[in-house]
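All remarks here apply to the structure that follows.
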Amino acid sequence: MSEATSSSGGSGGRADDAPFRNPGWAGNTGSFDLTEDQVRGEDYVGTRPPDGGHPSGAPTYPYMLEDKDPEAALFEGAHLERFEKIRSRYPDSRAALLPTLNLAQELRGHVSPATMREVSDLLELSEAYVRGVTTFYTMYNKAPVGRYLVQVCTNISCNLCGGDEVLAAFLEHAGTEMGETSEDGLFTITEVECLAACGFPTAVQINSRYFENVTPEDVPALLDRLRSEAKAETD
Ligand code: FES
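In structure tokens form, the structure reads like this:
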């Protein structure tokens with residue numbers, strides 16, 4: 002057994018006399034000396050530049066620009082360059098479909114039937130094929146969502162730790178219904194299956210950010226923080 006793994010708590014990179022504390026977020030497993038601010042801060046989750054730039058907090062989820070535009074062109078400028086790069090990576094254009102849909106959702110915020118049609122033209126695939134793939138994955142939004150898409154896990158681990166109450170708190174404090182967008186256009190609240198953060202229930206994904214160990218009491222402050230962020234970005 003290595004020295005790191007034999008130390009109390011098994012957290013390599015941590016000073017031996019530091020008390021073990023569940024960090025409440027999955028960014029630091031002990032292998033990387035990152036602070037919560039670094040993981041959740043601007044460097045990691047700030048506005049993504051159009052040429053791609055830094056990965057988001059949850060790289061499996063298509064990034065969405067804060068000012069998404071359902072009418073944005075597919076594709077032009079830096080996004081066209083990114084699309085061409087995607088195309089050049091794969092000899093078979095079917096393999097380019099998921100990253101192309103990600104790019105479309107990044108720009109437009111959702112993948113409508115019209116977007117599916119455009120993507121099928123761009124990749125010279127049948128519309129039925131593109132539609133079949135897009136509708137298979139729940140992470141492609143089929144309808145417009147608010148500035149913040151709030152996905153609350155209510156699967157077993159989170160459910161046992163109050164996921165249903167966290168979901169109810171989000172609906173109440175955002176003032177909206179399940180799957181609907183709040184009147185101010187800021188929040189769309191949905192319920193999702195396991196976010197693969199079962200060690201930190203209740204897990205909530207907001208756009209590309211993960212929030213862990215969320216309790217109903219945390220929700221008002223969390224929503225206020227997002228409201229302030231949105232205001233600062235639009236002022
Ligand atoms: S059960 Fe909630 S993240 Fe897995």
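Numbers given in this note's numbering equal positions in the sequence shown, counted from 1, plus 1. Glycine is no exception: its CB is placed at the ideal position from the N, C-alpha and C atoms.
Inset, instruction - On a CA-only basis, which of Gly78, Ala231, Gly180 is nearest leucine 108? Give me that one, please. - result: Gly78
Inset, instruction - Counting only the same chain and skipping the five closest in sequence on each side, list residues whose C-beta sits under 7 Å from that of glycine 25. - result: With a pLDDT of 45 at glycine 25, under the threshold of 50, the predicted position of this residue should be treated as unreliable, and no value is reported.
Inset, instruction - Pull up the DSSP beta-bridge partners for tyrosine 211, would you. - result: Gln206
Inset, instruction - Could you tell me whether any non-hydrogen atom of ligand 1 is closer than 6 Å to the CB of cysteine 162? - result: no
Inset, instruction - Could you say if the segment 100 to 115 and the segment 137 to 151 meet the contact criterion of at least three C-beta pairs nearer than 8 Å? - result: yes
Inset, instruction - Report the rounded CA-to-CA distance for asparagine 160 versus serine 209, giving the unit in angstroms. - result: 22 Å
Inset, instruction - From the DSSP output, read off the bridge partner residues of glutamine 152. - result: Thr191, Gln206
Inset, instruction - May I ask which residues mark the beginning and end of the alpha helix (DSSP H) holding arginine 228? - result: 220 to 235
Inset, instruction - Sort out for me which residues DSSP pairs threonine 182 with in a bridge. - result: Thr189
Inset, instruction - With a threshold of 6 Å, establish whether the CB of alanine 170 neighbours any heavy atom of ligand 1. - result: no
Inset, instruction - Measure from the C-beta of phenylalanine 76 to each C-beta in chain C and report whether the shortest distance is under 7 Å. - result: Chain labels in this structure do not include chain C; a single protein chain is all it has.
Inset, instruction - Please indicate yes or no: does the CB of serine 158 lie closer than 6 Å to some heavy atom of ligand 1? - result: yes
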